[in-house]
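Numbering (my numbering), first residue to last: 8 to 655.
In this text, a Cβ means the ideal position worked out from N, Cα and C, and glycines have one as well.
Worksheet: one structure, shown below.
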């Protein structure tokens with residue numbers, strides 16, 4: 008929906024409105040337009056507000072966010088965990104059928120990890136490829152390019168008891184400001200540097216770092232607005248809608264002259280649900296679409312392939328409708344159609360624009376606190392205290408808007424819209440609305456952040472070009488491939504068949520690590536790749552201990568199968584102690600280190616855990632499954648000459 012804000016801004020400039028006057032007026036609209044990701048239909052059907060009745064002064068209309076959408080990856084994660092549990096459960100089962108069960112589970116796990124790690128292998132199966140390709144590894148700034156900004160937060164003017172709350176509020180504001188700027192997946196966190204409080208921002212893929220810095224450093228904006236629409240905004244919305252209608256008329260005329268409907272739909276339609284299909288809407292029954300659309304499809308008696316000769320206007324905009332075909336009769340009749348939609352912009356899409364400024368802002372708010380109602384069940388409420396100027400403005404505002412709503416906006420977004428029940432002259436207001444305690448605390452935090460902004464001073468800035476990040480990624484992948492190949496060659500030379508099985512387990516280990524990175528959303532940095540590459544070498548440490556012990560047992564006259572079991576048994580203590588030491592080291596590095604060290608420690612920790620699983624469980628199961636039939640008595644296949652075996 009970026010073009011909405013862009014058009015309004017350009018139109019105003021064309022009309023001679025001063026640029027400096029225009030930018031503050033439409034900053035809010037631009038942020039809203041960038042943040043809007045819903046298609047036209049969804050934006051009209053959803054109502055993000057719910058009214059709650061006040062018990063004291065106000066009736067509050069609060070924004071409700073519904074985030075109960077079931078993640079499509081959950082089932083896959085559960086199945087993967089159950090599969091790993093099954094393998095561990097069967098770990099001590101030694102008869103042949105149970106070993107086959109474990110081996111089968113490992114094969115399934117390996118195939119799954121392989122497909123997730125390299126989805127291109129099933130690119131000829133679009134449905135499966137589309138699902139697998141949704142899993143992505145989050146790359147850090149040093150691998151994909153971006154900027155690292157570090158600010159010093161000046162909290163000298165804030166009460167020490169509110170420093171933590173203020174910093175959390177600033178962090179929340181910065182995240183919203185960066186998201187409104189239109190860059191993806193920013194990372195914002197606070198840290199300490201000596202006695203100074205720091206706010207660190209990592210922004211991947213940023214192109215205009217100076218504009219981003221301006222966006223970040225701006226003071227959180229708290230506003231109180233009354234009902235009403237700025238006439239200039241309404242005029243510009245009307246003008247934009249007229250432009251949209253004229254464009255639709257031009258497209259219709261072009262189609263009448265022989266233009267390709269499908270291509271024009273792909274290029275111009277704003278209905279994201281049908282645009283890529285050339286505007287195709289498939290078969291539907293009467294009542295599926297808005298009445299204006301249904302009337303054309305079911306009452307105009309259009310012929311197959313015919314274009315309705317006039318534009319059809321609905322709440323969504325202007326439609327160019329193509330009748331494709333129909334089937335059935337009466338109530339069972341279905342019509343197949345296509346359309347091109349040029350949308351209509353209305354204030355319903357931007358609730359914030361239904362309110363106009365009053366001059367009362369966060370600079371007039373002295374304090375906001377969570378209190379509890381003296382009546383009823385003592386539910387939480389928000390108490391506001393204005394300064395002298397704010398008291399006067401708020402008194403005038405409430406007097407002029409009895410029975411109407413006053414919107415409280417933070418950074419252009421409505422956080423509350425209470426209805427005024429009486430004039431308030433003492434500079435105090437109470438917002439009630441059946442708040443949960445945590446909800447009330449969060450709202451107070453936002454209000455106080457607006458009232459008490461924390462000044463930020465840039466102390467450090469680092470930027471990585473996208474091309475340099477890609478170069479680092481390519482070199483890291485090459486280093487990882489070389490390391491993996493070198494380890495495999497080493498294992499094959501020294502341990503023959505045992506080394507081959509260990510190498511297969513190492514490939515499974517690599518696939519599992521990539522799968523974990525994709526599933527957990529861990530951000531992979533250059534230091535993280537270093538930890539991953541190091542863990543590849545560490546992944547075979549356990550195998551080397553086991554295989555050396557196995558070879559020693561074979562030289563003492565045991566069979567290969569018995570030697571292998573003895574090798575696993577006697578090497579386990581050393582494997583356990585070594586890996587626990589590595590885990591402790593990685594844990595300390597993660598807890599005590601900074602960003603780059605943490606990335607290395609996290610990858611190393613995960614790698615050690617997975618390597619124990621692959622070495623002790625996967626390698627052992629694979630060897631148990633195939634050793635009795637393939638290499639029974641062939642000691643040369645495990646790197647032991649018959650002349651070295653002691654005779655009884």
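Since residue i and residue j should fall inside the 8 Å C-beta cutoff, what is the C-beta to C-beta distance between them, to a whole number of angstroms?
i: residue 349; j: residue 251; result: 5 Å
i: residue 126; j: residue 145; result: Not confirmed; about 16 Å, so no contact.
i: residue 389; j: residue 450; result: 6 Å
i: residue 259; j: residue 327; result: 5 Å
i: residue 535; j: residue 620; result: So it is not a contact: roughly 20 Å between Cβ atoms.
i: residue 512; j: residue 626; result: 4 Å
i: residue 612; j: residue 594; result: 7 Å
i: residue 484; j: residue 517; result: Between residue 517 and residue 484 the Cβ distance is about 12 Å, and since that is not below 8 Å, they are no contact.
i: residue 465; j: residue 156; result: 7 Å
i: residue 589; j: residue 615; result: 5 Å
Can the beta-carbon of residue i be found less than 8 Å from the beta-carbon of residue j?
i: residue 329; j: residue 344; result: yes
i: residue 562; j: residue 489; result: no
i: residue 234; j: residue 406; result: no
i: residue 177; j: residue 206; result: yes
i: residue 274; j: residue 286; result: no
i: residue 539; j: residue 106; result: no
i: residue 368; j: residue 541; result: no
i: residue 109; j: residue 557; result: no
i: residue 290; j: residue 359; result: no
i: residue 162; j: residue 461; result: yes
i: residue 393; j: residue 370; result: no
i: residue 288; j: residue 279; result: no
i: residue 142; j: residue 379; result: no
i: residue 232; j: residue 363; result: yes
i: residue 153; j: residue 617; result: no
Cα separation between residue i and residue j?
i: residue 514; j: residue 610; result: 17 Å
i: residue 60; j: residue 220; result: For residue 60, the predicted model reports a pLDDT of 29, less than 50, meaning its position is unreliable; a value from the coordinates is still stated below. About 41 Å.
i: residue 305; j: residue 316; result: 15 Å
i: residue 300; j: residue 264; result: 23 Å
i: residue 339; j: residue 332; result: 14 Å
i: residue 173; j: residue 216; result: 25 Å
i: residue 182; j: residue 357; result: 21 Å
i: residue 568; j: residue 468; result: 60 Å
i: residue 121; j: residue 598; result: 32 Å
i: residue 573; j: residue 560; result: 7 Å
i: residue 419; j: residue 435; result: 23 Å
i: residue 78; j: residue 116; result: The pLDDT assigned to residue 78 is 43, lower than 50, so where the model puts this residue is not dependable, and the model offers no usable value.
i: residue 325; j: residue 351; result: 7 Å
i: residue 242; j: residue 400; result: 28 Å
i: residue 404; j: residue 203; result: 41 Å
i: residue 587; j: residue 283; result: 54 Å
i: residue 249; j: residue 298; result: 22 Å
i: residue 603; j: residue 579; result: 33 Å
i: residue 499; j: residue 505; result: 8 Å
i: residue 309; j: residue 318; result: 14 Å
Based on Cα-Cα distance, which residue from the options lies nearest to residue i?
i: residue 496; options: 526, 521, 544, 483; result: 544
i: residue 442; options: 494, 478, 387; result: 387
i: residue 366; options: 570, 137, 414, 346; result: 414
i: residue 524; options: 124, 199, 108, 553; result: 124
i: residue 481; options: 138, 131, 149, 421; result: 149
i: residue 532; options: 151, 163, 364, 137; result: 151
i: residue 427; options: 154, 402, 446, 629; result: 402
i: residue 503; options: 394, 617, 630; result: 630
i: residue 582; options: 551, 565, 570; result: 551
i: residue 147; options: 232, 416, 211, 580; result: 211
i: residue 255; options: 554, 624, 347; result: 347
i: residue 493; options: 166, 510, 505; result: 510
i: residue 600; options: 425, 277, 587, 199; result: 199
i: residue 447; options: 113, 135, 423, 430; result: 423
i: residue 337; options: 292, 397, 421, 267; result: 292
Which residues does DSSP list as the beta-bridge partners of residue i?
i: residue 173; result: BP columns for residue 173 are empty, so no partner.
i: residue 329; result: 314, 345
i: residue 156; result: 208, 468
i: residue 334; result: 341
i: residue 403; result: DSSP output for residue 403 lists no bridge partner at all.
i: residue 415; result: 231, 423
i: residue 374; result: 392
i: residue 365; result: Looking at the DSSP assignment, residue 365 forms no beta bridge with any residue, so it has no partner.
i: residue 445; result: In DSSP, residue 445 forms no bridge with anything.
i: residue 324; result: 321, 350
i: residue 304; result: BP columns for residue 304 are empty, so no partner.
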